[in-house]
Amino acid sequence: PGNSVVVSGAGSRWENTSFFYVGGQTAGNSMHIDDGGMVSSDRLFFGQFAESTGNRVVIDGVGSVWSNNQSAVIGDSGSHCELILTNGGTMASSGAGIVGSKNVSVSNRVVVTGAGSCWTNLDLSVGSSGSYNSLHVLAGGKVLNRVGYIGREVSALNNEVIVSGNGSLWTNSSTLSVGE
160 PGNSVVVSGA GSRWENTSFF YVGGQTAGNS MHIDDGGMVS SDRLFFGQFA
210 ESTGNRVVID GVGSVWSNNQ SAVIGDSGSH CELILTNGGT MASSGAGIVG
260 SKNVSVSNRV VVTGAGSCWT NLDLSVGSSG SYNSLHVLAG GKVLNRVGYI
310 GREVSALNNE VIVSGNGSLW TNSSTLSVGE
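Numbers given in my numbering equal positions in the sequence shown, counted from 1, plus 159.
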């Protein structure tokens, strides 16, 4: 078991003006943002190093928000990291969203489920260099970005995106590349 953080309740806010790591070098860390809690950071990394596996962030409920000035990376070198946006929880990044950044980063997952739940990014890569990474947009959840990639580099294999359920949406305002 790793370390855990909870940011809960309207008016509860955690501000970080630099990098934010959920599992820099350790495994099994978790963060839960709910009931209107808010977190802000410059850049976000789940699972920065290969030994940092199984890190999990849940953003649950209307008004529960994580905002990033730059990128959000779910599985930089780490594997089996997970981001869940549910019941209206949101994450917004002014930079890229990356699920499975490096070739050693496998089986990372983002789930956006329920009406009002939304993940926005400038560009989104599901499997930038890593394999077996996934994005599931379910039950009215939404993912919004400019350019989308599924398997961006030659090493990125068996990555998947599933959009399922009434009102579920993945919008790419520019291009989508499947196996660039």
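We put the beta carbon where it would ideally sit given N, CA and C, even for glycine.
Bear in mind that the values here come from a model prediction, so they are computed numbers and not experimental data.
Pull the bridge partners of residue i from the DSSP assignment, please.
i       : result
Ser-163 : Ser-189
Lys-261 : DSSP output for Lys-261 lists no bridge partner at all.
Leu-294 : Val-269 and Val-320
Tell me which same chain residues have a C-beta within less than 6 Å of the C-beta of residue i, skipping the five on either side of it?
i       : result
Asn-267 : Ile-233, Gly-234, Cys-240, Val-258, Gly-259 and Asn-292
Asp-219 : Asp-193, Thr-245, Asn-246 and Gly-248
Asn-227 : Ser-200, Leu-203 and Ser-252
For residue i, which three-state DSSP category applies?
i       : result
Phe-208 : coil
Asp-201 : coil
Thr-334 : coil
Glu-241 : strand
Leu-283 : strand
To the nearest angstrom, how far is it from the Cα of residue i to the Cα of residue j?
i       : j       : result
Ser-333 : Ser-287 : 18 Å
Ser-200 : Leu-335 : 27 Å
Ser-329 : Asp-282 : The sequence given here places Trp at residue 329; Ser does not occur at that position. Between Trp-329 and Asp-282, the C-alpha separation is close to 12 Å.
Thr-185 : Phe-179 : 14 Å
Val-296 : Val-322 : 5 Å
Ser-211 : Ser-163 : 14 Å
Quick check on this structure: which residue in the options has the alpha carbon closest to the alpha carbon of residue i?
i       : options                               : result
Ser-327 : Ile-243, Trp-225, Gly-300 and Arg-202 : Gly-300
Val-320 : Ser-223, Gly-338 and Ala-186          : Gly-338
Gly-222 : His-191, Gly-168, Met-190 and Leu-281 : Gly-168
Ser-314 : Ala-231, Gly-183, Ser-290 and Ser-211 : Ser-290
Val-224 : Arg-305, Ser-238 and Thr-279          : Thr-279
Tyr-308 : Ser-323, Ala-255, Val-265 and Val-296 : Ala-255
Ala-298 : Cys-277, Glu-174 and Asn-325          : Asn-325
Ala-209 : Leu-316, Val-181, Ser-264 and Asn-331 : Ser-264
Thr-294 : Gln-207, Thr-176 and Asn-317          : The question names Thr, but residue 294 in the sequence shown is Leu. The candidate whose alpha carbon is nearest that of Leu-294 is Asn-317.
I'd like the list of long-range same chain contacts for residue i, defined as Cβ closer than 8 Å, with 5 residues on each side in sequence excluded.
i       : result
Gly-170 : Gly-195
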